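Numbering (my numbering), first residue to last: 823 to 1427.
Cβ atoms here follow ideal geometry from the backbone N, Cα and C, with glycine treated the same way.
Computed from a prediction, not measured in an experiment: that's the story for all the values here.
Data first, discussion second: the structure below is written as structure tokens.
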Amino acid sequence: MGLEEYPHCVPDILEEIGNGSCRNDNLHNSELCGWDGGDCLWFNEQFPKCVERFPNSSIGNGVCDYSYNKGPNTEECGWEGGECIQFNEKYPNCTESPAYLGNGICNNGGEYNTEECGWDDGDCIVDGYPDCRVDPQWIGNGRCESFAGQNTEECGWDDGDCIELNEKYPNCIGVSFELENGICNYLFSSEECGWDGGDCLFEEYPYCRVEYPGSIGDGFCYRQYNTTECGFDGGDCVVEGYPECIVEEYKSIGNSVCDRNYNTEECGFDGGDCDDFNKKYPNCIFSHNIGNGWCSSRYNTEECGWDGGDCVEFNNKYPNCMTEHPEAIGNDYCQVELNTLECGWCSSRYNTEECGWDGGDCVEFNNKYPNCMTEHPEAIGNDYCQVELNTLECGWDEGDCIVEGYPDCNVTPPYYIGDGYCHSYGGYNVSECGYDGGDCIVEDYPSCFVSDPPSVGDGYCLGEPYNTEECRWDGGNCIEYNEKYPNCTADDQPGSIGNGYCNYKYNTEECGWDGGDCLIEGYPDCHVIQDWERIGDGKCQYWKKGYNTAECGWDGGDCIPDGFPDCHVDFPKWIGDGDCQAASSPVFQHYNTSECGYDGGDCLF
């Protein structure tokens, strides 16, 4: 099935349309998708009270998808078209999807592993432990585990995997026991678990109890391990000469760089690294970046010597300029930022008189475009049309947005004009823009305005707005169609009439049964919606409306049960299948008739 048959059907599901089973959801079983390409017609006709649509429901695939009285598994929906009858009888109180029952995998989620669902139809029964309700694959796998209840008497203490550990550490609680494996696991680093079976004990520090013992003495100081019991992180936190100094990286002490974190008496003022700084700026709490040649507002204070002198020139030049980034003043780049709505236009933190119009960087911009509101004045006149600058106040982006030859055309982006493709949206296809620079003008038809001008007169008849007098009936493409089928309402794709493929949308008398594409040889009165080639193909199309009828010869004979020529039922394959259909539901009483041999003998008791 393709888009030409169902032009309004969701494209993502077209491959699933008409695959032989009815997908009873709002997308597939809809008029737009031809009632799932016809697969759902028999179901909709036979169960008219089943009006609700359900996701993941396939009727006619032999699988029961929903539990009792859920989804289409109801009396109104014929117990999902008869596919759920056996499941309902076996597990009437099971509330889970039957599709996963008895599939060889124990489903522990939901209510599968319950008595109502037959312990997942037997998949969750553990051999030798009838009262154990755990996935069999987790029992007796060589590891002592209890995350799902394995370590219980009902499960034989995980089929014996946990017996030794239970005796040795009776009060140790965990979900997966990996004690005595030579690796310290902090989850079991407790007295109840024998400090992970001894894996978390250290000969050198017998009283040190930490989560990650591998970090002890690794060359990096961890505060939580900086204790007497752990030897001050195995010596990592001991700073020679400063026993009271607590640091995270002892190598930072005395490295010729003043670090304010260690600029304390206990750390010898960073091992002497901060002595000169403290003499110069005794009240400055910052030590980094002072006097580095870059004026920073954070250090531009009297206590820090106006950033070690870096901000003196800026302060003298712009004493009233308040900014967090003084280094941006006069950098040959106009910095414009929105300030307040009260200003009425795009004000700037630096583009002010106090800051010398950003040190002169904004003077030219201000003179040229005094009312231009933008955060990016540098983008003016950069040969690229910016949407926010495409205004009169900004000079149409200093001309970047003006379309040559069309001074009154204001579109973004302008380079679409005259690019050889008709843009019927966004204001391009108007007289001010020369109908997209001529791209949307149809030669010889000045009043014809369509989205794809090359399609006019290309030999294929399109519907409106092409098949109109203004476009001369699609440049003559539709003249023959209009004369032959004046009452056919195939307005979208009339060119597909008589293309050798039966399209159900045009399978009407007014459209000549799709120009003859839908007529079936030998059955002149048989007008099925689609797939007429299935008539007499050896397979009964019982799920498709119109096939299993007298006009279509009971699907060309495919739906006549062997030995019962006068038996006409919806599901001929059920005749003589060993089950009396009439006994399962009153809906199927017509199977139990003399014409059908009393369901092929299945109902003879």
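Other residues of its chain near G1248: CB distance less than 7 Å, five sequence neighbours each side excluded: Position 426 of the sequence shown holds residue 1248. So the qualifying residues of the chain are V1233.
C1270 beta carbon less than 7 Å from that of C1293: Translated into positions along the sequence shown, residue 1293 becomes position 471. Translated into positions along the sequence shown, residue 1270 becomes position 448. Contact: yes.
Beta-carbon gap between D1055 and N1048 smaller than 7 Å: If you number the sequence shown from 1, residue 1055 lands on position 233. If you number the sequence shown from 1, residue 1048 lands on position 226. Their beta carbons are under 7 Å apart, which means D1055 touches N1048 by this criterion.
Environment of S1416 [buried if 16+ CB atoms lie within 10 Å]: One-based indexing of the sequence shown puts residue 1416 at position 594. With fewer than 16 Cβ atoms within 10 Å of its Cβ, S1416 is classed as exposed.
Classification of C1156 by the beta-carbon crowding that lies within 10 angstroms, buried from 16 upward: Counted from its first residue, the sequence shown places residue 1156 at position 334. With a pLDDT of only 49 at C1156, under 50, the local geometry of the prediction cannot be trusted, and the value read off the model is given with reservation. Classification for C1156: buried.
Sheet register partners of V1264 (DSSP bridge): As a position in the sequence shown, residue 1264 is number 442, starting the count at 1. Looking at the DSSP assignment, V1264 forms a beta bridge with Y1267.
I1112: CB within 6 Å of a non-hydrogen atom of the ligand FMN: The ligand FMN is not part of this structure, which contains no ligands at all.
I1342 - DSSP class collapsed to helix/strand/coil: Reading the sequence shown from its first residue, position 520 is the one you call residue 1342. Reduced to three states, the DSSP call for I1342 is strand.
Close-in-space but distant-in-sequence residues of the same chain around G1221 (CB under 8 Å, 5 per side omitted): Your numbering for residue 1221 matches position 399 in the sequence shown. Cβ neighbours of G1221 beyond the five flanking positions: G1203.
Cβ neighbours of Y828 in the same chain (closer than 6 Å, five flanking residues each side left out): The count along the sequence shown starts at 1 and reaches residue 828 at position 6. Within the same chain, Y828 has close Cβ partners C855 and G856.
Meets three-Cβ-pair contact criterion under 8 Å: the segment 1245-1263 and the segment 1198-1217: no
Helix, strand or coil at C1255 according to DSSP, with G and I counted as helix: For the purposes of this step, residue 1255 is identified with residue 433 of the sequence shown, where counting begins at 1. Three-state DSSP puts C1255 in a helix.
Any alpha helix (DSSP H) of 4 or more consecutive residues that is wholly inside the segment 850-917: 856-859, 863-868, 900-903 and 907-912
Residue closest to E1013, alpha-carbon to alpha-carbon, out of E1000, G900, Q1411 and R1031: Translated into the one-based positions of the sequence shown, residue 1013 becomes position 191. Closest by alpha carbon: R1031.
Rounded distance between the beta-carbons of C1333 and I1357, thought under 8 Å: As a first step, residue 1357 must be located in the sequence shown, where it is residue number 535. As a first step, residue 1333 must be located in the sequence shown, where it is residue number 511. Not a contact, Cβ separation roughly 20 Å.
Alpha-carbon to alpha-carbon, P1199 and S1169: Taking the first residue of the sequence shown as 1, we reach residue 1169 at position 347. Taking the first residue of the sequence shown as 1, we reach residue 1199 at position 377. With a pLDDT of 35 at S1169, under the threshold of 50, the modelled position of that residue is not reliable, and the figure given next carries that caveat. Answer to the nearest angstrom: the Cα atoms are 12 Å apart.
D983 versus S968 - alpha carbon distance: Looking up residue 983 in the sequence shown gives position 161. Looking up residue 968 in the sequence shown gives position 146. Cα to Cα, D983 sits roughly 10 Å from S968.
Straight-line gap, C1402 to D1421 (C-alpha atoms, nearest Å): If you number the sequence shown from 1, residue 1402 lands on position 580. If you number the sequence shown from 1, residue 1421 lands on position 599. So the alpha carbons of these two residues sit roughly 6 Å apart.
Boundaries (first-last residue) of the alpha helix (DSSP H) holding L987: For the purposes of this step, residue 987 is identified with residue 165 of the sequence shown, where counting begins at 1. Per DSSP, L987 belongs to the alpha helix (DSSP H) from I985 to K990.
Extent of the continuous alpha helix (DSSP H) run through F1054: Along the sequence shown, one-based indexing puts residue 1054 at 232. Unbroken alpha helix (DSSP H) run through F1054: G1053 to G1056.
Beta-carbon proximity of P1035 to C1022, cut-off 7 Å: For the purposes of this step, residue 1035 is taken as the residue at position 213 of the sequence shown. For the purposes of this step, residue 1022 is taken as the residue at position 200 of the sequence shown. Taking 7 Å as the Cβ cut-off, P1035 and C1022 qualify as a contacting pair.
Sufficient close CB pairs (3 or more, under 8 Å) joining the segment 916-925 to the segment 935-952: yes
For V1272, the three-state DSSP class (helix, strand or coil): Residue numbering aside, residue 1272 sits at position 450 when the sequence shown is read from its first letter. DSSP places V1272 in coil when its eight states are reduced to three.
Supposed contact pair C977 and V956 - C-beta distance, whole angstroms, cut 8 Å: By one-based count along the sequence shown, residue 956 stands at place 134. By one-based count along the sequence shown, residue 977 stands at place 155. Yes, V956 and C977 are in contact; Cβ-Cβ is about 6 Å, under 8 Å.
Beta-carbon spacing of D1132, W1116 below 7 Å: Within the sequence shown, numbered from 1, the residue matching residue 1132 stands at position 310. Within the sequence shown, numbered from 1, the residue matching residue 1116 stands at position 294. Yes.
Counterpart residues of V1225 in DSSP-defined beta bridges: Taking the sequence shown and counting its residues from 1, one reaches residue 1225 at position 403. Beta-bridge pairing links V1225 to Y1228.
DSSP bridge partner residues for Y951 (one or two, in chain order): For the purposes of this step, residue 951 is taken as residue 129 along the sequence shown, with counting starting at 1. V948, per the DSSP bridge assignment.
DSSP state of E967 mapped onto helix, strand, coil: Taking the sequence shown and counting its residues from 1, the one referred to as residue 967 is at position 145. E967: strand per DSSP, three-state reduction.
Cα-Cα separation between K1139 and G1130, rounded to whole angstroms: Sequence index remark: in the sequence shown, residue 1139 carries index 317 (1-based). Sequence index remark: in the sequence shown, residue 1130 carries index 308 (1-based). About 17 Å.
Helix, strand or coil at E837 [DSSP, three-state]: If you number the sequence shown from 1, residue 837 lands on position 15. Helix, per DSSP.
Exposure label - D1058; buried when at least 16 CB within 10 Å: Numbered from its first residue, the sequence shown carries residue 1058 at position 236. Buried.
DSSP three-state assignment for S1277, whether helix, strand or coil: To locate residue 1277, count along the sequence shown from 1; it is residue 455. Correct three-state label for S1277: helix.
Buried versus exposed call for N848 [16 or more other C-beta atoms within 10 Å across all chains shown]: Within the sequence shown, numbered from 1, the residue matching residue 848 stands at position 26. By the neighbour-count rule (16 or more Cβ atoms within 10 Å), N848 is not buried but exposed.
Through-space distance from N846 to E838, alpha-carbon basis: Start at 1 with the first residue of the sequence shown, and residue 838 comes out as number 16. Start at 1 with the first residue of the sequence shown, and residue 846 comes out as number 24. Roughly 12 Å separates the two Cα atoms.
Closest by C-alpha distance to L836, when choosing among C844, H850 and G842: Residue mapping note: residue 836 aligns to position 14 of the sequence shown, counting from 1. When each option's Cα is compared against that of L836, the closest is H850.
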